[in-house]
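Residue numbers (our numbering): 5 to 349.
Encoded as structure tokens, the structure appears first; notes follow it.
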Amino acid sequence: MNHDIDIKKTRINCFRQSKVPGEFMLQMRVPGAVIDAKYLKVVMEIAEKWGNGTFHLGTRQTLNAPGIKYENIPAVNAYIKDYIHDVDQELCGCEMEADETGYPTIGARNVMACIGNSHCIKGNCNSTELARKIEKLVFPSHYHIKVAVAGCPNDCVKANFNDFGIMGIYKMDYNYDRCIGCGACVDACEHHATGVLSLNKDNKVDKDTCCCVGCAECVLACPTSAWTRNPKKLYRVTLGGRTGKQNPRAGKLFLNWVTEDVLLGMFANWQKFSAWALDYKPEYLHGGHLIDRAGYKTFVKHIFEGVEFNPEAKMADDIYWAENEQRANIHVMPLSKHKTAGPQE
Numbered sequence: 005m006n007h008d009i010d011i012k013k014t015r016i017n018c019f020r021q022s023k024v025p026g027e028f029m030l031q032m033r034v035p036g037a038v039i040d041a042k043y044l045k046v047v048m049e050i051a052e053k054w055g056n057g058t059f060h061l062g063t064r065q066t067l068n069a070p071g072i073k074y075e076n077i078p079a080v081n082a083y084i085k086d087y088i089h090d091v092d093q094e095l096c097g098c099e100m101e102a103d104e105t106g107y108p109t110i111g112a113r114n115v116m117a118c119i120g121n122s123h124c125i126k127g128n129c130n131s132t133e134l135a136r137k138i139e140k141l142v143f144p145s146h147y148h149i150k151v152a153v154a155g156c157p158n159d160c161v162k163a164n165f166n167d168f169g170i171m172g173i174y175k176m177d178y179n180y181d182r183c184i185g186c187g188a189c190v191d192a193c194e195h196h197a198t199g200v201l202s203l204n205k206d207n208k209v210d211k212d213t214c215c216c217v218g219c220a221e222c223v224l225a226c227p228t229s230a231w232t233r234n235p236k237k238l239y240r241v242t243l244g245g246r247t248g249k250q251n252p253r254a255g256k257l258f259l260n261w262v263t264e265d266v267l268l269g270m271f272a273n274w275q276k277f278s279a280w281a282l283d284y285k286p287e288y289l290h291g292g293h294l295i296d297r298a299g300y301k302t303f304v305k306h307i308f309e310g311v312e313f314n315p316e317a318k319m320a321d322d323i324y325w326a327e328n329e330q331r332a333n334i335h336v337m338p339l340s341k342h343k344t345a346g347p348q349e
């Protein structure tokens, strides 16, 4: 069957074009990467009734059903109405309609997360809960952004390769009297972290606080609980990481020792910044590219409007990314092709 298909419209609806003409793959969002097991029946039903009988675990932690015929998209959209209501509306609190038209946009990608401290002994934060809070602030939106939340600096979720990469960290408290000088924390820090601990002449522990990454390996290693996590939950954020054919790069350290309030205040400004930078005309442009276009200083001015930093917070004065350019001098072009941010005359 031949179809006059608006590919852009179907993509916005979270259906990806297949190599097979007239076939698409549905991408079901799983913000924070955790849902009730009962929802696996939803993707199973879609795969078996409308798809090709398989499903794909998306690299951004989506549940994908390939092989859906174009003419069946309306039926699939009607079927996932309750799923969208339960996950994006109820779990995440997104301000959106859950109706028979399916997902309203694919702009903000699924917010990824590792399992975090709900299970992992290394986890410093509940990454799923935080991812869902961020989902509420960035979705639905036509502005492209990729976010990943890691429970600790191990970064199993590869937050460094997202527009915003978040890692749960802690300041550690040291109880001098509980320390027995066994050196377990020193060994753990040397082997698993940045080697900032050492035993002094009194057989107690000295710490180079400048280079502590807040991972809590010392806490896990200490047999007497001389090291404990300070109750205040803090985060590290990397900025501007991305993959891609032209100029992939790892994110750079952007924020350190910031609270959840700072994070959520920042994401609450993302759509407003994106709208300004693109002259209120959404286009398919990765968040990192958008930050590049505006310039780091301008981006910071917009993204932290109305945000109050906690006393421990640190922010990069400037960022100098190192890009892996796949084509020499890719940024050298005629002036007429240079992109500018903000409203255009």
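Heads up, the beta-carbon is just placed ideally off N, CA and C, and yes, glycines get one too.
Residues sharing a beta bridge with residue i, DSSP
i	result
Ser22	For Ser22, which the question treats as bridged, DSSP gives no partner whatsoever.
Gly310	The partner list for Gly310 (beta bridge, DSSP) is empty, contrary to what the question assumes.
Ser202	Asp210
Gln31	Asn68
Gly172	Tyr239
Ala117	Val153
Ala112	Ile149
Thr232	Asp177
Arg331	Looking at the DSSP assignment, Arg331 forms no beta bridge with any residue, so it has no partner.
Helix, strand or coil at residue i according to DSSP, with G and I counted as helix
i	result
Arg15	helix
Asp212	coil
Asn260	strand
Asp181	coil
Gln93	helix
Ala152	strand
Leu282	coil
Tyr147	coil
Phe303	helix
Phe277	helix
Leu339	helix
Arg136	helix
Leu61	strand
Met48	helix
Lys318	strand
Arg297	helix
Lys53	helix
Lys162	coil
Lys73	strand
Cut-off 6 Å between Cβ atoms - residues of its own chain near residue i, not counting five sequence neighbours on either side
i	result
Cys98	Asp92, Lys140, Phe143
Val46	Tyr87
Ala135	Pro35, Gly36, Val115, Ala117, Val153
Ala225	Ala188, Cys189, Ala192
Leu201	Cys189, Val190, Cys193, Val209, Lys211
Exposure of residue i, with buried meaning 16 or more beta-carbon neighbours within 10 Å
i	result
Gly292	buried
Cys214	exposed
Met176	buried
Ala326	exposed
Tyr239	buried
Gln65	buried
Asp167	buried
Thr406	No answer is possible for residue 406: the residues shown for the chain start at 5 and end at 349.
Ile39	buried
Val336	exposed
Val304	buried
Gly185	exposed
Ile307	buried
Ile84	buried
Gly111	buried
Asn260	buried
Ile354	Because the chain is modelled from 5 through 349, residue 354 falls outside the range shown and cannot be assessed.
Tyr284	exposed
Leu282	buried
Leu339	exposed
Own chain residues within Cβ distance below 8 Å of residue i, not counting five before or after
i	result
Gly310	Gly269, Asn273
Arg113	Arg64, His148, Ile149, Lys150, Val151
Pair within 8 Å by beta-carbon distance, residue i and residue j
i	j	result
Cys219	Ile170	no
Cys156	Asn128	yes
Lys208	Cys183	yes
Cys295	Gly346	Looking at the sequence provided, one finds Ile at residue 295 rather than Cys. Not a contact, by the Cβ cut-off of 8 Å.
Lys256	Ile323	yes
Ile11	Thr109	no
Tyr147	Cys18	no
Arg20	Met32	no
Phe313	Ala254	no
Ala102	His89	yes
Asn328	Pro252	yes
Arg246	His290	yes
7 Å Cβ shell around residue i - same chain, five flanking residues per side excluded
i	result
Ala197	Val217, Cys219, Glu221
Ala82	Glu104
Ala51	Gly57, Thr58, Phe59, Ala69
Lys249	Gln330
Thr132	Gly36, Ala37, Val38, Ala117, Gly120, Ser122
Tyr288	His148
Residue i Cβ short of 7 Å to the ligand ATP heavy atom set
i	result
Asn207	Questions concerning the ligand ATP fall outside what the structure shown contains, since it holds no ligand whatsoever.
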